[in-house]
Amino acid sequence: MRHVHPLCAGVALALAAPVLAAAPTTFDARGAIVSDLKADPAVRFGMLPNGMRYQILRNATPPHNASLRLRIDVGSMYEREDQRGLAHFIEHMVLNGTKNVPEGEMIRRLERAGLKFGPDTNASTDFDQTVYMLDLPETDAETVDTALFLLREVAGEATFAPSAIESERGIVLSEERTRATPQLRNAEDELSYLLKGDILPARLPIGKTEVLKSAPQAAFREFYDAYYRPERATLIAVGDFDIDAIEKKIRAQFGSWTARGRAGPELAPSRIATRAAESHAFIDPGVPSRVSLSWVAPPDLRPDSRAVRSEDLLPALAIRILNRRFQRIGAEAEAPFVFAGGGSSEQAERAEISQVTGIAKPGKWKETLAALEQEQRRAARFGFTQAELDREIAEIRTALVNAAAGAGTRPSNALAQAMLSAVDEKTVFQSPADVLADFDRAVKGLTAAQVSAAYAGKFAGSPLVYLTAPTPLDGGEPALLAAYQASAGTPISAGAARQASAWPYQSFGKPGGIAERKQIESLGVTTVHFANGVRLTVKPTDFRKDEILVSVRLGNGNLDVTPAASVPAFMLASGAYGLGGLGKISQEDMQEALTSKVFGADFGIGDDAFMLGGRTRPSDLATQLQVLAAYATDPALRPAAWDRLRAIGDPIHDQLQSTPAGVFNRDSGLLLHGGDKRWAFPTRQDIAGADLAAAKALTAGPLATGPIEIVMVGDVSADDAVRQVAATFGALPPRKPDPVTPEAGHIAFPAPGLVRTTHKGRADQGLAFIAWPTSDFYSDQKRTRTLNLLGQVLQLRLTDEIREKQGTTYSPNAGHSASETFKSYGYLAAQIEAPPEKLDGFLADAARIAASLRTTPVDTDELQRARKPLIENIVRQKASNQWWLSELANVQTNPGVATSIEDGISQYQAITAADLQTAAQTYLVDAKAWKMEIVPETK
Numbered sequence: 041m042r043h044v045h046p047l048c049a050g051v052a053l054a055l056a057a058p059v060l061a062a063a064p065t066t067f068d069a070r071g072a073i074v075s076d077l078k079a080d081p082a083v084r085f086g087m088l089p090n091g092m093r094y095q096i097l098r099n100a101t102p103p104h105n106a107s108l109r110l111r112i113d114v115g116s117m118y119e120r121e122d123q124r125g126l127a128h129f130i131e132h133m134v135l136n137g138t139k140n141v142p143e144g145e146m147i148r149r150l151e152r153a154g155l156k157f158g159p160d161t162n163a164s165t166d167f168d169q170t171v172y173m174l175d176l177p178e179t180d181a182e183t184v185d186t187a188l189f190l191l192r193e194v195a196g197e198a199t200f201a202p203s204a205i206e207s208e209r210g211i212v213l214s215e216e217r218t219r220a221t222p223q224l225r226n227a228e229d230e231l232s233y234l235l236k237g238d239i240l241p242a243r244l245p246i247g248k249t250e251v252l253k254s255a256p257q258a259a260f261r262e263f264y265d266a267y268y269r270p271e272r273a274t275l276i277a278v279g280d281f282d283i284d285a286i287e288k289k290i291r292a293q294f295g296s297w298t299a300r301g302r303a304g305p306e307l308a309p310s311r312i313a314t315r316a317a318e319s320h321a322f323i324d325p326g327v328p329s330r331v332s333l334s335w336v337a338p339p340d341l342r343p344d345s346r347a348v349r350s351e352d353l354l355p356a357l358a359i360r361i362l363n364r365r366f367q368r369i370g371a372e373a374e375a376p377f378v379f380a381g382g383g384s385s386e387q388a389e390r391a392e393i394s395q396v397t398g399i400a401k402p403g404k405w406k407e408t409l410a411a412l413e414q415e416q417r418r419a420a421r422f423g424f425t426q427a428e429l430d431r432e433i434a435e436i437r438t439a440l441v442n443a444a445a446g447a448g449t450r451p452s453n454a455l456a457q458a459m460l461s462a463v464d465e466k467t468v469f470q471s472p473a474d475v476l477a478d479f480d481r482a483v484k485g486l487t488a489a490q491v492s493a494a495y496a497g498k499f500a501g502s503p504l505v506y507l508t509a510p511t512p513l514d515g516g517e518p519a520l521l522a523a524y525q526a527s528a529g530t531p532i533s534a535g536a537a538r539q540a541s542a543w544p545y546q547s548f549g550k551p552g553g554i555a556e557r558k559q560i561e562s563l564g565v566t567t568v569h570f571a572n573g574v575r576l577t578v579k580p581t582d583f584r585k586d587e588i589l590v591s592v593r594l595g596n597g598n599l600d601v602t603p604a605a606s607v608p609a610f611m612l613a614s615g616a617y618g619l620g621g622l623g624k625i626s627q628e629d630m631q632e633a634l635t636s637k638v639f640g641a642d643f644g645i646g647d648d649a650f651m652l653g654g655r656t657r658p659s660d661l662a663t664q665l666q667v668l669a670a671y672a673t674d675p676a677l678r679p680a681a682w683d684r685l686r687a688i689g690d691p692i693h694d695q696l697q698s699t700p701a702g703v704f705n706r707d708s709g710l711l712l713h714g715g716d717k718r719w720a721f722p723t724r725q726d727i728a729g730a731d732l733a734a735a736k737a738l739t740a741g742p743l744a745t746g747p748i749e750i751v752m753v754g755d756v757s758a759d760d761a762v763r764q765v766a767a768t769f770g771a772l773p774p775r776k777p778d779p780v781t782p783e784a785g786h787i788a789f790p791a792p793g794l795v796r797t798t799h800k801g802r803a804d805q806g807l808a809f810i811a812w813p814t815s816d817f818y819s820d821q822k823r824t825r826t827l828n829l830l831g832q833v834l835q836l837r838l839t840d841e842i843r844e845k846q847g848t849t850y851s852p853n854a855g856h857s858a859s860e861t862f863k864s865y866g867y868l869a870a871q872i873e874a875p876p877e878k879l880d881g882f883l884a885d886a887a888r889i890a891a892s893l894r895t896t897p898v899d900t901d902e903l904q905r906a907r908k909p910l911i912e913n914i915v916r917q918k919a920s921n922q923w924w925l926s927e928l929a930n931v932q933t934n935p936g937v938a939t940s941i942e943d944g945i946s947q948y949q950a951i952t953a954a955d956l957q958t959a960a961q962t963y964l965v966d967a968k969a970w971k972m973e974i975v976p977e978t979k
């Protein structure tokens, strides 16, 4: 059995260790796991005579949609040395062309059905599985039949034409370049250290460039025939369809699939020797200073059962408590780390790692190591309190209760992924109600002593010490081990017991009166204008049971931010606002006081508003609004939280400058906004010297007194929403208008030309970007949507030319961005990551494609392949609370918002090839293009 508890480190780890003997997981005649756990009765299990398994679940969220997942039980760990990278390469090849689908035609067929390559059509290769994913916008017979036919082609009809292999090599090598980051090198190094002598570190899915460049057709065929076999396949189908009809189609489509040749060998169990405390350091300019203590143990291969889950729950609860303790330490001014936490993770049925890890403040790796070691040792020696345990049980139970309440409106793609995970982990997929019932049985009478004992067993023995750092360590690895040993010899005592705080923001004064209440019938929306100037927009929906999303928009966002305030604004948006807590209670105490409540307190800065938001349920709506009102009126901005963020300037810049994409993300905001510092990424010096007083001045100004707009969407009535807002935001003192200066409302697109800058990554990595100025969103919505569609056509052209024909890049990107705030500002853009010597060629190709769009109308097929996925995405998004929350912003003050929601699809449907050609002639003008190239720094 595979139990996964996410690690709290910045780098995800996959670990292996000696395998313990255990009874294998068994399956019944339907292909379902045999267990005392009750499988979700809504899932239909089945197995074909050829051994292929399937699982079907009817689900109508969103309506008329479906999600299909084809899992092949093979990944990169099954490769020989001369096959490294072929599992992933084959994933590319089978989507490129098969026996009955010409090369390049598979993705086009899916686009014609409304699936966009990437979001709706995708695949992934892991250490132990390969998965093909289709999210269908319709469940009519034609769409479903097409999808199942294409998955059947993937499963057993690949041809591996030599010419197709050669074409795809460049794409796969481009993906290898794109993924060659310091973080991947760090992960590979850490795996090699922790799994010394094991095969897993040498089997990262991307593979070995020598194999990718030269593997012959026979090598692909050998691996494919050995492992793409019906007995290794599971098909998952979730959606708004008739189960009997889908089952019949699956049996008809896949029943003829037969294996070819001899089956490939299974994996040999790994063998890792028990080791005393050791140390290892990984030095790379692009990684932060991070310390980890890891305990590697054999995997738990026992079949999934109620007893195994109950046993595994104990250390999981303990680790949650430990993380609370680290969170409190991190909030203190003298904390040596920016972040610290623990976790336990098992992957690929190889081994389990239990770990504590911390991101150190500059120059504080020794102190961070000591904090990790001593807090972990304190937990192992003195255990946990019953109050700490009860809090975690209550919080988990709240989440499970909420999940059970919303079981009937879970999205199909999320369900398909959950079922896929259960197959991969050999666990029973249960209904949320049964998960809750089993949890209640497992925690009944559970004591802190039991949890403490389980934790001590999980972290027994000496750890493997690991450090990442951007510069070499004084004294080298011996100094790292010596620091650990010094900490391990330091006496510790039990921590002091704490008293929980009460939530102090339950009253904001007399509920506010209503000045005006209206309906927008066409949108199903109620709008309210309170006497104090606060505006509320409510849309009740039945998309997700027990879910309410709340957005609060204050002031004018970037329109209120002066160049001098740009760095404090960046710090606030990067976490200082939330981490700083509230004037009457810290963030940590707030979370404890509101245990068992579902709420959020996200903060961000948009072009036209400062934004607070959260997700809640009907029974906790009052609490959610109290939290948001408290953050709107009484943010504390504690110095300790501010200083934690100031400490990350160097690590962030080290990471960003290590890849072309990082440099682009760092520099493009300022450049594309004509040098306006509101979009500048702060320098190292800016972050280190960020002024807390300036941030407080910003929050005391427009945030404290400016206009407030609240949007609420979900399982809520208009009357309930009005009542709760009246008691919180409606009770605040009157808000005054916050006028915007003409200078603040202006952005200039950069002057035409080429900007060239450098990165510090690999010599074969580069990035090119080209943008043509357009205009804003609302001044002409049909123009905006025509340009959006033109961006999709540009994406198709780039994919065909730069990816498929040339093999220059893994993922070319193109699209249109139009400001909803700044008049006349927008741009069409295209971007690739490629070797430096090919960047000029891309810019020339982009200009050539732009010229063809100006001179020749797109054909009917290309127009359909661009338009249908775009429209289907809107249809799908309209059945989600998140879409409405975003789209309804400013609906009371901007008439164009309602028009956009009502007319968007019809406007897309009315766009012609001539409209696109006119837009290209107007905006894709070579003389106005702005370009950027990012090339390696000269050594």
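Numbers given in the numbering used here equal positions in the sequence shown, counted from 1, plus 40.
Backbone N, C-alpha and C define an ideal beta-carbon position, used for all residues, glycine too.
Query, Result
"Residue nearest to A69 in terms of C-alpha spacing, selected from R93, A79, N226, A82", "R93"
"Alpha carbon of P451 to alpha carbon of P909, nearest angstrom", "19 Å"
"Opening and closing residue of the alpha helix (DSSP H) in which S214 lies", "202-219"
"Same chain only: Cβ atoms within 8 Å of S365, ignoring 5 sequence neighbours per side", "The amino acid at residue 365 is misidentified as Ser; the sequence shows Arg. So the list reads E415, A419, G535, once near-sequence residues are dropped."
"T419, enclosing beta strand (DSSP E) - first and last residue", "It should be pointed out that residue 419 corresponds to Ala in this sequence rather than to Thr. Element bounds for A419: not the beta strand (DSSP E) but the alpha helix (DSSP H), 405-422."
"Outcome for Q293 when other beta-carbon atoms lying within 10 angstroms are tallied against a minimum of 16", "buried"
"Cβ-based burial, R360 [other Cβ within 10 Å; buried from 16]", "buried"
"Simplified DSSP assignment, three categories, for K550", "coil"
"Straight-line gap, E912 to V278 (C-alpha atoms, nearest Å)", "18 Å"
"Helix, strand or coil at Y963 [DSSP, three-state]", "helix"
"Integer Cβ distance of E413 from L357, believed to fall under 8 Å", "Actually they do not touch by this definition, with Cβ atoms about 22 Å apart."
"Beta-carbon gap between D816 and S859 smaller than 8 Å", "yes"
"Per-residue burial, Q539 [other beta carbons within 10 Å of its own, 16 or more giving buried]", "exposed"
"Reduced DSSP secondary structure (H/G/I, E/B, other) of K637", "coil"
"8 Å Cβ cutoff met for S266 and R302", "The residue asked about is misnamed: residue 266 is Ala in this sequence, not Ser. Cβ atoms of A266 and R302: closer than 8 Å."
"Cα-Cα separation between G936 and P245, rounded to whole angstroms", "48 Å"
"Neighbourhood of T978 by C-beta, 8 Å cutoff - its chain only, sequence neighbours within 5 removed", "T798"
"Beta-bridge pairing of D175 - partner residues as DSSP gives them", "S107"
"Local conformation of L753 per DSSP, three classes", "Note that residue 753 is Val in the sequence shown here, rather than Leu. V753 falls in the strand class under three-state DSSP."
"Three CB pairs or more closer than 8 Å across the region 245-264 and the region 194-212", "yes"
"Short Cβ contact (8 Å threshold) for I787 with Y850", "no"
"Identity of the residues DSSP links to M651 by a beta bridge", "R593, G644"
"Residue environment, F157, which counts as buried when at least 16 other CB atoms sit within 10 Å", "buried"
"Nearest residue (CA-CA) to D642, options S591, L661, N598, K800", "S591"
"Member of P103, F769, E271, L97 whose CA lies at the smallest distance from the CA of M87", "E271"
"Coil, strand or helix - L307 by DSSP", "coil"
"Start and end residues, alpha helix (DSSP H) containing T438", "426-445"
"Residue closest to A803, alpha-carbon to alpha-carbon, out of T745, T699, K736, L836", "T699"
"Within 8 Å, strictly: CB atoms of L594 and L743", "yes"
"Residues bridged to N162 (per DSSP)", "M173"
"Option in L827, N853, T824, R825 with minimal Cα separation from R837", "N853"
"I9 - DSSP class collapsed to helix/strand/coil", "The shown model of the chain, from 41 to 979, leaves out residue 9, and the question about it has no answer."
"Complete beta strand (DSSP E) runs within the region 76-157 (minimum length 3 residues, chain order)", "84-87, 93-98, 106-112"
"Neighbourhood of S614 by C-beta, 7 Å cutoff - its chain only, sequence neighbours within 5 removed", "L685"
"For A919 and I945, the rounded distance between their alpha carbons", "14 Å"
"Anticipated Cβ contact below 8 Å, I290 with L275, distance rounded", "6 Å"
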